[in-house]
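Asks: Chains as they are written, first to last, in the numbering used here: chain A, 4 to 418; chain B, 7 to 88.
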């Protein structure tokens, strides 16, 4: 129970569309199987790039949404709506006063595919051929607005933007929206859909992407000594968060308690994490304080670990610093990015879903592709095969970090 | 030169294609007396798209200040025939 907060928030619905599958069930089973969702990009333009692969969505939105909706929604909005629909139905389609229903849905980049496509149209065919939906498609609040419109969420729609921490921040803000009494139910999540030559070139030019073109499925290898960068992916995750009281009154199935939130900022460098892990450990400390959880309650961490030389090890150092040696020795840490790649603004939501399911199903997905564990890693990594969640596990944490120094952590507690 | 009646059918068929493509309204719902906003549930931004598509198809430019007066499918047919 949160030390300072009387309103308990629970998770009652899950939805996702990822490189591993078009829904939560297919994504979750692939995670437990240790299957990679990364593949070669079959477009001519990859020839001009140092990276030839990505985590492309398993189910195209055109298989799910009608044509006339597709043409007026950016791909971020399409994926957000698909995952929101699954989450909403999974929650049993809660009866809720629209004024008590919120939407917090983030994207790290926004509707950049629309921007680039419409700029091409503008240059080739002039201003009159630019879609009149360009602005509502490119705006970073577009996915939140689309979800709000679809479900009549009138308590407020928000889109916290913090690069690759964006959707963890969306979930955290949604928890607080319910605690603050602004809503009883919030549709919360995040999305990214930015696989385009310019974006791959942009990340590649900062040397952030893996270039393991001869082995795309082995490219995302967090904590391996041969890791050489992250793998860019697309996808969306949505959870339905609800006050425990509201969920109990309607007899909803509860996956987990959303027990707390933690934030910090490194204020160290615009992209590089603080190598001492001070900012990241501060986010965990703030999470512990907010949730009232003890370090020894944290049985599992779904880490941010993206497979970059600069990032992965420092996160384990920060975890040890925050939890203390005895708790850090027992926590089971994994990076599901080894299979999904990095969903950027969708990462925190999809990984929070994996964290919730690890608690609910009692199985921790593995980190794949570790051939030689980096000797500097300071915690116990779940490698190769899933592991049973300890029977006495209390809670699990999702960590997400973003360019700009953003560190966000969300804790989930067993019901 | 085709007579006006044929032209109306041709234009209506073209408009039905455009409205289906842009707004997803089935062709059999698009009749001359239908109002775009009230009957076919087409919003103002989609009307802009329809006007541009009609210009491409029929070679008739519909200025913004005229577009707001074109309430029904018949109005658009008449404008294109002018």
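No residue lacks a Cβ here, since even glycine has one placed at the ideal position from N, Cα and C.
For clarity, every value in this text was computed on a predicted model and none was experimentally measured.
Excluding the five sequence neighbours on either side, which residues of its own chain have a C-beta within less than 7 angstroms of the C-beta of residue 27 of chain A, listed in chain order?
Replies: Locating residue 27 of chain A in the first chain gives position 24, counting from the first residue. For residue 27 of chain A, where only same-chain residues beyond five positions count, the Cβ hits under 7 angstroms are 17, 18, 19, 89, 356.
Asks: Rounded to a whole number of angstroms, what is the C-alpha to C-alpha distance between residue 62 of chain A and residue 256 of chain A?
Replies: Here residue 62 of chain A is taken as the residue at index 59 of the first chain, counted from 1. Here residue 256 of chain A is taken as the residue at index 253 of the first chain, counted from 1. Distance between the alpha carbons of residue 62 of chain A and residue 256 of chain A: 27 angstroms.
Asks: Using the three-state DSSP reduction, which class does residue 134 of chain A fall into: helix, strand or coil?
Replies: Taking the first chain and counting its residues from 1, the one referred to as residue 134 of chain A is at position 131. Residue state, collapsed to three classes: coil.
Asks: Is residue 64 of chain A close to chain B? Criterion is C-beta to C-beta, closer than 8 angstroms.
Replies: Here residue 64 of chain A refers to the residue found at position 61 of the first chain. No, its Cβ sits nowhere closer than 8 angstroms to a Cβ of chain B.
Asks: Would you list the residues sitting across from residue 25 of chain A in a DSSP beta bridge?
Replies: Position 22 of the first chain, counted from the start, is the residue given in the question as residue 25 of chain A. Answer by DSSP bridge pairing: none, since residue 25 of chain A is not bridged.
Asks: Can you look up residue 376 of chain A in the DSSP assignment and give me helix, strand or coil?
Replies: On the first chain, residue 376 of chain A is found 373 positions in, with the first residue counted as 1. It is a strand residue.
Asks: Output needed in chain order: residues of the stretch 121–150 of chain A with a Cβ under 9 angstroms from some Cβ in chain B.
Replies: 131, 132, 134, 135, 136, 139
Asks: Using the Cα positions of residue 360 of chain A and residue 68 of chain B, report the straight-line distance between them to the nearest angstrom.
Replies: Position 357 of the first chain holds residue 360 of chain A. Position 62 of the second chain holds residue 68 of chain B. Cα to Cα, residue 360 of chain A sits roughly 55 angstroms from residue 68 of chain B.
Asks: Between residue 80 of chain A and chain B, is any beta-carbon pair separated by less than 8 angstroms?
Replies: Indexing the first chain from 1 puts residue 80 of chain A at position 77. Using beta-carbon distances, residue 80 of chain A does not count as an interface residue toward chain B, since no partner is under 8 angstroms.
Asks: Can you list, in chain order, the residues of its chain with a C-beta nearer than 6 angstroms to that of residue 410 of chain A? Leave out the 5 residues immediately preceding and following it.
Replies: Within the first chain, residue 410 of chain A is the residue found at index 407, counting from 1. Only 267, 282, 283, 286, 404 meet the Cβ criterion.
Asks: Can you give the Cα-Cα distance for residue 9 of chain A and residue 187 of chain A, rounded to whole angstroms?
Replies: Residue mapping note: residue 9 of chain A aligns to position 6 of the first chain, counting from 1. Residue mapping note: residue 187 of chain A aligns to position 184 of the first chain, counting from 1. If I take the Cα positions, the gap works out to 14 angstroms.
Asks: Out of A:413, A:182, A:290, A:107, which one is the CA nearest neighbour of residue 189 of chain A?
Replies: Against the first chain, residue 189 of chain A aligns to sequence position 186. Nearest C-alpha to residue 189 of chain A among A:413, A:182, A:290, A:107: A:107.
Asks: From which residue to which residue does the alpha helix (DSSP H) around residue 76 of chain A run?
Replies: Indexing the first chain from 1 puts residue 76 of chain A at position 73. It is not in any alpha helix (DSSP H) - residue 76 of chain A carries neither H nor E in the DSSP assignment.
Asks: Measuring only the C-alpha atoms, how far is residue 26 of chain B from residue 32 of chain B?
Replies: For the purposes of this step, residue 26 of chain B is taken as the residue at position 20 of the second chain. For the purposes of this step, residue 32 of chain B is taken as the residue at position 26 of the second chain. Computed Cα separation, rounded: 6 angstroms.
Asks: Taking CB distances under 8 angstroms as the criterion, tell me whether residue 29 of chain B reaches chain A.
Replies: Within the second chain, residue 29 of chain B is the residue found at index 23, counting from 1. By this cut-off, residue 29 of chain B is an interface position.
Asks: Under 6 angstroms Cβ to Cβ from residue 38 of chain B, same chain only, skipping five residues before and after it: list those, please.
Replies: For the purposes of this step, residue 38 of chain B is identified with residue 32 of the second chain, where counting begins at 1. Taken in chain order, the residues that qualify are 79, 80.
Asks: Would you call the CB atoms of residue 304 of chain A and residue 399 of chain A closer than 8 angstroms?
Replies: For the purposes of this step, residue 304 of chain A is taken as the residue at position 301 of the first chain. For the purposes of this step, residue 399 of chain A is taken as the residue at position 396 of the first chain. Result yes, Cβ atoms of residue 304 of chain A and residue 399 of chain A sit closer than 8 angstroms.
Asks: How should residue 223 of chain A be labelled, buried or exposed, when 16 other C-beta atoms within 10 angstroms of its C-beta is the threshold for buried?
Replies: One-based indexing of the first chain puts residue 223 of chain A at position 220. Label assigned to residue 223 of chain A: buried.
Asks: Enumerated in chain order, which unbroken segments of the beta strand (DSSP E) with a length of 3 residues or greater are wholly contained in the stretch 235–260 of chain A?
Replies: 238–246
Asks: How big is the Cα-Cα spacing for residue 252 of chain A and residue 258 of chain A?
Replies: As a first step, residue 252 of chain A must be located in the first chain, where it is residue number 249. As a first step, residue 258 of chain A must be located in the first chain, where it is residue number 255. Looking at the backbone, the Cα of residue 252 of chain A and that of residue 258 of chain A are separated by about 16 angstroms.
Asks: In three-state DSSP terms, what is residue 144 of chain A?
Replies: Numbered from its first residue, the first chain carries residue 144 of chain A at position 141. Reduced to three states, the DSSP call for residue 144 of chain A is coil.
Asks: Within the chosen definition, does the stretch 300–318 of chain A reach the stretch 215–234 of chain A through at least 3 CB pairs nearer than 8 angstroms?
Replies: At 8 angstroms Cβ cutoff, the stretches touch.
Asks: Taking residue 402 of chain A as part of the beta strand (DSSP E), name the residues at either end of that continuous run.
Replies: Position 399 of the first chain, counted from the start, is the residue given in the question as residue 402 of chain A. Element bounds for residue 402 of chain A: 398–405.
Asks: What residues of chain B sit near residue 70 of chain A, judged by a beta carbon separation below 7 angstroms?
Replies: Taking the first chain and counting its residues from 1, the one referred to as residue 70 of chain A is at position 67. Residues of chain B passing the Cβ test: 30.
Asks: By Cβ distance, which residues of its chain are closer than 7 angstroms to residue 300 of chain A, with the 5 residues on each side in sequence left out?
Replies: One-based indexing of the first chain puts residue 300 of chain A at position 297. The answer, listed in chain order, is 397, 398.
Asks: Tell me, please, whether the CB atom of residue 35 of chain B is closer than 8 angstroms to any CB atom in chain E?
Replies: Here chain E cannot be found, since the structure's protein chains are A and B.
Asks: Confirm, please, whether the CB-CB distance from residue 351 of chain A to residue 401 of chain A is below 8 angstroms.
Replies: Locating residue 401 of chain A in the first chain gives position 398, counting from the first residue. Locating residue 351 of chain A in the first chain gives position 348, counting from the first residue. It is a contact, given that the beta carbons lie within the stated cut-off.
Asks: When we look at the beta-carbon of residue 248 of chain A and count the other beta-carbons within 10 Å, is it buried (16 or more) or exposed?
Replies: To locate residue 248 of chain A, count along the first chain from 1; it is residue 245. So residue 248 of chain A counts as exposed.
Asks: Can you tell me the Cα-Cα spacing of residue 21 of chain B and residue 128 of chain A, whole angstroms?
Replies: Here the question's residue 21 of chain B lines up with position 15 in the second chain. Here the question's residue 128 of chain A lines up with position 125 in the first chain. Cα to Cα, residue 21 of chain B sits roughly 22 angstroms from residue 128 of chain A.
Asks: Helix, strand or coil: which one does DSSP assign to residue 2 of chain A?
Replies: Any property of residue 2 of chain A remains undetermined from this structure, which presents chain A solely from 4 to 418.
Asks: Does the distance from the C-beta atom of residue 137 of chain A to that of residue 113 of chain A stay below 8 angstroms?
Replies: Counted from its first residue, the first chain places residue 137 of chain A at position 134. Counted from its first residue, the first chain places residue 113 of chain A at position 110. No, the Cβ-Cβ distance between residue 137 of chain A and residue 113 of chain A is not below 8 angstroms.
Asks: Can you tell me which of A:141, A:147, A:265 puts its alpha carbon nearest to the alpha carbon of residue 172 of chain A?
Replies: The count along the first chain starts at 1 and reaches residue 172 of chain A at position 169. The candidate whose alpha carbon is nearest that of residue 172 of chain A is A:265.
Asks: What's the gap between the Cα of residue 327 of chain A and the Cα of residue 378 of chain A?
Replies: Here the question's residue 327 of chain A lines up with position 324 in the first chain. Here the question's residue 378 of chain A lines up with position 375 in the first chain. Each residue's alpha carbon lies about 19 angstroms from the other.
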